[in-house]
Each structure stands twice: as C-alpha cells, then as structure tokens.
Amino acid sequence: MAQETAFDAMKSSVQTISFIFSCFSNLILIFLICTKSPKRLGSYKYLMIYFCVFAICFSVLDIILQPYILSAGPGFIVITEIKNTFLGPFGEVCFLSSLCGCFGCILATIAIHFIFRYFALERKGKLRFFQGEYLVGWLCIPGIVGAVWTAVTVYYCAPNDITLEYSRKLMMDHYQIDLDNVTYIGSIYFIKDKDGNSIPNKFALVGMGILFSIMGISLSILAFFAIKCYKRIKTLIYEGESTFTRSLQKQLYKALVAQATIPMVFIFTPIGLYLTLPLVGIQLEASGEIATFVYALYPALDPLPIIFIIDNYRYAIFDFLGCCHPNRVNADEEVTSVSRHISNCS
C-alpha cells in the first residue's frame with residue numbers, strides 16, 4: 001500500500017472497534033443464553049448460540065483481512081493487503097472469498113431464525129423438526145450456502161486480465177492502491193470491444209447470476225416467514241394466558257422487527273446496491289466505501305436487540321449494573337409463564 005490516507009485510517013479504526021465490540025457483545029449474549037434463559041427454551045438456545053459463534057468468527061475473519069470493498073467502474077473489487085503468505089496466491093484468493101461467503105451464511109442463518117420463530121409461534125408441534133439430527137441439518141445449511149458462495153466467488157471473481165485492465169488505474173488514482181501488491185477478487189460486468197463499444201462480460205454475469213439466485217432464494221424464504229411471523233405475533237398478543245405471556249409476545253414482535261431492520265440496513269441494502277448499481281450503468285464510488293464500513297458493523301450490532309428487548313437478558317444486565325427496572329414481572333410468575341409458553345410452542 002501507499003501512504004495511509006484518511007479513508008485508510010477511518011476504515012482501520014471502524015473495523016477494529018467493531019471487532020472488539022462484536023466479540024464482547026456476542027460473548028455476553030452467549031453467557032446470558034446459557035445462564036438466564038427459561039429452562040424449557042429448547043433447541044432455540046442452541047440456534048442463538050450458533051448465531052453468536054458465527055458472528056464472532058466473521059468478526060475475526062474481517063479483522064484479519066481488513067478488506068477494502070470498492071467500486072471498480074463497471075464492476076466491483078474487494079481487496080486485502082494479505083499477500084505472499086504460506087497460503088500462496090490461490091489460497092489467499094480463497095481466504096478473501098470466504099469473507100464474501102459469510103454474506104451467504106448471514107442470509108441463511110437469518111432465514112433459519114425466522115423459520116424457527118414461525119414454527120414456535122404456530123404451536124403445531126413443528127419444533128420437532130429442530131431437534132436431534134434435524135437440528136444438526138439446519139446448522140449445516142449456512143455452512144453449505146457459504147461454501148457454495150465462496151466457491152462461485154473463487155471461480156468467477158478470481159484475478160484475471162479483464163479485472164486488472166479495468167481496475168488498475170482506477171485503484172491507483174482514487175485509493176493509491178497498486179493491485180500488484182495486494183490480493184483481490186472482483187468482477188467487471190461490461191467491457192469494451194475492438195470498436196470501443198460496451199458489451200456484456202458473459203463470464204462475469206454468469207457468476208453474478210448464480211450469486212444473485214442464491215441471494216434471492218434466501219431473501220424470499222426470509223421475507224415469507226418474516227411476514228407469517230408478523231401476522232401470527234399480531235394475533236398472539238391478544239391470546240396470552242397471563243400478563244407475562246402477553247408481554248413476551250410483544251418482546252418477540254419488537255425483537256423480530258429489530259432483527260430484520262439491522263441486517264437490512266447494514267448488510268442487504270448497501271451490499272445489494274454495491275453489487276447491482278454497476279449492472280444498470282451507475283458507477284457510484286461511495287457505494288463501495290459505505291459497504292466497507294457497514295459490513296464490519298453488522299456482527300457487533302446484531303446481538304443488541306435480543307439483549308435489550310428480551311426481559312430475561314435485560315434484567316440480568318440491570319442486575320449486574322446494580323440498576324432496578326420498573327414493571328418487572330415477579331420471578332415465579334415469569335418462570336411459570338415462560339414454561340407454559342414454550343410447552344405450547346412445542
């Protein structure tokens with residue numbers, strides 16, 4: 001890299017702070033899940049812990065690679081300063097692509113989260129499909145999706161002459177980055193023919209078509225079950241058997257909204273714009289710079305809705321800090337009501 005710029009310094013600071021806060025917040029949530037969850041929470045406890053562990057792993061990968069997610073004219077490029085390691089050129093490309101694969105994992109994990117939530121709210125015994133060997137299968141899905149995403153990225157977005165030709169000057173002029181000194185992956189959607197006309201780069205578009213298909217399937221499943229959860233929660237709010245049960249449904253509704261909003265704001269929208277704007281002829285450099293920052297923030301922010309909306313966990317935080325909280329439900333009533341609610345869900 002050339003001399004550090006203000007953008008470099010800000011990026012490094014945001015990624016470091018996000019890494020520290022992500023590890024801290026997710027470890028706190030894991031502790032709360034293990035010690036403060038209702039006794040009969042069931043397999044949902046393992047799903048939540050799985051999501052937390054994934055978020056920590058994602059943060060570790062992000063801080064190691066510290067990627068630059070940048071616009072590359074009629075395409076995109078992702079860069080890391082990791083180069084000339086024992087992994088070799090191909091291994092370094094795979095390593096960087098695995099970070100992109102995390103995007104596919106995030107989509108799959110959130111979709112599974114909403115599927116489980118709906119099965120629990122539906123109260124028709126479908127939670128049995130999240131137990132035993134079924135649970136292992138559900139937990140394998142995000143890894144499989146991430147592996148496919150990574151493999152497609154490695155094959156279709158590995159460094160090539162086209163990416164180098166279209167990106168070298170732009171990277172040097174705008175970001176003082178010499179592509180010979182970094183590891184990068186990218187894709188150029190449109191190239192120039194011999195007459196100077198812009199034509200589609202079929203190889204790149206096939207790769208992006210596969211990635212967009214995976215993204216579309218995951219988002220469709222997520223949206224379908226999110227809507228069903230929303231409709232079911234709106235009715236359950238008025239079906240509670242006690243004050244605590246009705247309060248719990250409201251908490252689940254608020255947590256559902258927050259957990260859908262955070263990835264939409266910090267993952268789906270910026271990354272979606274970053275990947276699609278070049279397809280429609282819009283070259284917006286800021287889209288890549290924004291994606292660089294918000295991609296790192298997601299795992300740090302994701303645990304907060306559960307910690308501060310779900311009473312069991314929020315009360316534990318207040319107790320630790322020596323604070324009191326108004327309108328706290330009696331502990332005996334809380335345990336009984338939660339157990340009844342979980343039993344009904346099962």
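Quick note on my numbering: the sequence shown kicks off at 1 and runs consecutively.
Virtual Cβ for every residue (Gly too), placed ideally from N, Cα, C.
By the CB criterion at 8 Å, residue 260 and residue 286 fall outside the cutoff.
Annotation for residue 115: the continuous alpha helix (DSSP H) segment containing it runs 88 to 122.
Judged by DSSP in its simplified three-state form, residue 292 adopts helix. Under the DSSP assignment, residue 190 falls in the beta strand (DSSP E) whose first and last residues are 190 to 192. Beta-bridge pairing by DSSP links residue 200 to 190.
Distances from the CA of residue 191 to each of 163, 181, 209 were compared; the closest alpha carbon is that of 163.
Per DSSP, the beta bridge partners of residue 184 are 79.
By the neighbour-count definition (other C-beta atoms within 10 Å, threshold 16), residue 128 is an exposed residue. The Cβ atoms of residue 18 and residue 59 sit closer than 8 Å to each other. Of the residues assessed, residue 78 falls on the buried side of the cut-off, its CB having 16 or more other CB atoms within 10 angstroms. In the DSSP annotation of this structure, residue 70 is not part of any alpha helix (DSSP H); the continuous beta strand (DSSP E) holding it starts and ends at 68 to 71.
In the three-state scheme derived from DSSP, where H, G and I count as helix and E and B as strand, residue 312 is classed as helix.
Between the alpha carbons of residue 232 and residue 123 lies a distance of about 10 Å. At the C-beta level, residue 183 and residue 142 stay beyond 8 Å of one another.
Ranked by Cα distance from residue 268, the first of 215, 306, 133, 188 is 215. Between residue 294 and residue 263, the CB-CB gap reaches or exceeds 8 Å. For residue 15, the enclosing alpha helix (DSSP H) covers residues 6 to 36.
With 16 or more other Cβ atoms from the protein chains shown falling within 10 Å of its own Cβ, residue 150 counts as buried. DSSP, reduced to helix, strand and coil, places residue 317 within a helical segment of the structure shown. Take the alpha-carbon of residue 135 and the one of residue 48: they are about 12 Å apart. Residues 58 of the same chain have their beta carbon placed closer than 6 Å to that of residue 102, with the five preceding and five following residues left out of the count.
Remark: C-beta atoms of residue 54 and residue 105 approach each other more closely than 8 Å. Spatial neighbours of residue 317 in its own chain (CB-CB distance under 7 Å, excluding positions within 5 residues in sequence) are listed in chain order as 307. Between residue 152 and the set 195, 131, 186, 314, the nearest pair of CA atoms involves 186. Annotation: residue 235 to residue 118 spans about 13 Å, alpha carbon to alpha carbon. Under the 8 Å Cβ criterion, the segment 80 to 93 does not count as touching the segment 23 to 30, having fewer than three qualifying pairs. Counting along the chain, the unbroken alpha helix (DSSP H) around residue 168 starts and ends at 161 to 175.
A buried status is given to residue 62, since no fewer than 16 other beta-carbon atoms sit within 10 Å of its beta-carbon. Our two residues, residue 75 and residue 213, have alpha carbons roughly 18 Å apart in a direct line. For residue 42 and residue 34, the gap between their C-alpha atoms comes out near 12 Å. Exposure of residue 280 is indicated by the presence of fewer than 16 other C-beta atoms within 10 angstroms of its C-beta. Your pair residue 21 and residue 258 does not check out as a contact, with CB atoms roughly 17 Å apart and the cut at 8 Å. Between the alpha carbons of residue 147 and residue 100 lies a gap of roughly 10 Å. Residue 8 holds the alpha-carbon nearest to the alpha-carbon of residue 66 among 8, 56, 38, 113.
Separation of the CB atoms of residue 156 and residue 204 is rounded to 7 Å, and the pair is thereby assigned contact status at 8 Å. Look at residue 62 here: in three-state DSSP terms it is helix.
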